[in-house]
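For reference, the structure discussed in these notes is given below.
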Amino acid sequence: MLLSDNTSAGRLLTVNSGLPSGSITAVGCIDYCSFNNWTYAGVEFGSECYCDEVLHEIDSQETAASDCNMACNGDSSETCGGPNRIDVYWDGDLSIPSSPSNLYKSYWSYSGCFVDDTSQRTLNVQVEPPSGTSPPTCADTCAFYGYTIMGTEFGGECWCGNSTGSASQVSDTECAMTCSADRDYFCGDANRLSVYRNSPPQEMYSSDCLDLNIPSWLNISSFSILATRKEPPTSSGGWEGSSLHIIDILIDGDTTYSLLSVR
1 MLLSDNTSAG
11 RLLTVNSGLP
21 SGSITAVGCI
31 DYCSFNNWTY
41 AGVEFGSECY
51 CDEVLHEIDS
61 QETAASDCNM
71 ACNGDSSETC
81 GGPNRIDVYW
91 DGDLSIPSSP
101 SNLYKSYWSY
111 SGCFVDDTSQ
121 RTLNVQVEPP
131 SGTSPPTCAD
141 TCAFYGYTIM
151 GTEFGGECWC
161 GNSTGSASQV
171 SDTECAMTCS
181 ADRDYFCGDA
191 NRLSVYRNSP
201 PQEMYSSDCL
211 DLNIPSWLNI
221 SSFSILATRK
231 EPPTSSGGWE
241 GSSLHIIDIL
251 IDGDTTYSLL
261 SVR
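In terms of UniProt numbering, the sequence shown opens at residue 1 and continues consecutively.
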């Protein structure tokens, strides 16, 4: 594809390879972007190489081949775009980054894409996950510090808080920048937060347990009791509620088993 690249409105491909300008070739740029697992590669102005996971919306228009006729600095037999013109190459991968809804197994759930104002942050605590920013690492870091809401922004920022205040929610398509630490995920965009909330299930109490009427057709003879609560704590001669916690989960086909503990 031969496309315009309006630098005043932003880059069509946002990741500058940093390769020496004197050695740029189309083949070398493609190899570099492919090696670093980017979907798109682009050469421009004879001396620039860019990569990205998506083509950013900057009102770019397809142009004539004559607009992209600058020789590559590293090989004059190849062309490398032109002034504000970029030759774009695609690796043919039709897969897309993981959607927020199937993020990972935890109590964090995706809330949506929110506007973030640098003068009045939607989430006011910025942290730096040790292994780089992605939804899982940002969630772990914010949870460690006791926050219930986290957000990723601009591909590499992690923000924590307990309220989004009056921030406006916008379309998820506005949070389409992939995470610099893990390009399987989206991490907001410029002034856009991908927001997640930590909503653990409410604790159950032993006093809430109900008697079970086991149907006669259910054969339970093959089951044996591994542990019983023989002497439950009492308060004034009555039952005392004790919180139950899930300590292990086993998934067998469509059935999920949870191991509970009162400690």
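Cβ atoms here follow ideal geometry from the backbone N, Cα and C, with glycine treated the same way.
Nonlocal neighbours in the same chain, by C-beta distance under 6 Å from residue i, ignoring five residues either side
{"i": "residue 47", "result": "21, 24, 73"}
{"i": "residue 193", "result": "114, 116, 122, 151, 153"}
{"i": "residue 172", "result": "113"}
{"i": "residue 66", "result": "none"}
{"i": "residue 43", "result": "26, 29, 49, 80, 81, 87"}
Residue from the options whose Cα sits closest to the Cα of residue i
{"i": "residue 54", "options": "12, 32, 75", "result": "12"}
{"i": "residue 27", "options": "153, 135, 123, 90", "result": "90"}
{"i": "residue 189", "options": "152, 133, 168", "result": "152"}
{"i": "residue 78", "options": "85, 132, 68", "result": "68"}
{"i": "residue 191", "options": "175, 181, 71, 198", "result": "175"}
{"i": "residue 131", "options": "198, 149, 181", "result": "181"}
{"i": "residue 51", "options": "70, 83, 71, 87", "result": "87"}
{"i": "residue 179", "options": "199, 155, 170", "result": "155"}
{"i": "residue 75", "options": "125, 167, 29, 162", "result": "29"}
{"i": "residue 177", "options": "147, 187, 170, 169", "result": "187"}
DSSP beta-bridge partners of residue i
{"i": "residue 159", "result": "126, 151"}
{"i": "residue 186", "result": "178"}
{"i": "residue 89", "result": "41"}
{"i": "residue 114", "result": "169, 193"}
{"i": "residue 109", "result": "197"}
Outcome for residue i when other beta-carbon atoms lying within 10 angstroms are tallied against a minimum of 16
{"i": "residue 145", "result": "exposed"}
{"i": "residue 107", "result": "exposed"}
{"i": "residue 31", "result": "exposed"}
{"i": "residue 62", "result": "exposed"}
{"i": "residue 64", "result": "exposed"}
{"i": "residue 134", "result": "buried"}
{"i": "residue 18", "result": "exposed"}
{"i": "residue 139", "result": "buried"}
{"i": "residue 165", "result": "exposed"}
{"i": "residue 71", "result": "exposed"}
{"i": "residue 137", "result": "buried"}
{"i": "residue 211", "result": "Low local confidence applies: a pLDDT of 46 at residue 211 is under 50, so the model's placement there is unreliable, and no value is given."}
{"i": "residue 207", "result": "With a pLDDT of 45 at residue 207, under the threshold of 50, the predicted position of this residue should be treated as unreliable, and no value is reported."}
Cβ shell of residue i (< 7 Å), same chain only, five flanking positions each side left out
{"i": "residue 141", "result": "127, 129, 158"}
{"i": "residue 111", "result": "195, 196, 197"}
{"i": "residue 199", "result": "107, 109"}
{"i": "residue 161", "result": "123, 124, 125, 147, 149"}
{"i": "residue 82", "result": "45, 67, 68, 69, 70"}
{"i": "residue 143", "result": "198"}
Nonlocal neighbours in the same chain, by C-beta distance under 8 Å from residue i, ignoring five residues either side
{"i": "residue 36", "result": "51"}
{"i": "residue 16", "result": "48, 49, 50"}
{"i": "residue 163", "result": "149"}
{"i": "residue 168", "result": "114, 115"}
{"i": "residue 34", "result": "41, 91"}
Short CB-CB distance (under 8 Å) between residue i and chain D
{"i": "residue 172", "result": "Structure shown: chain D not included; a single protein chain is present."}
Requested in this report: With a floor of 3 residues, list each beta strand (DSSP E) that falls wholly inside the stretch 5 to 81, ordered by position along the chain.
Outcome: 40 to 44, 48 to 52, 75 to 79
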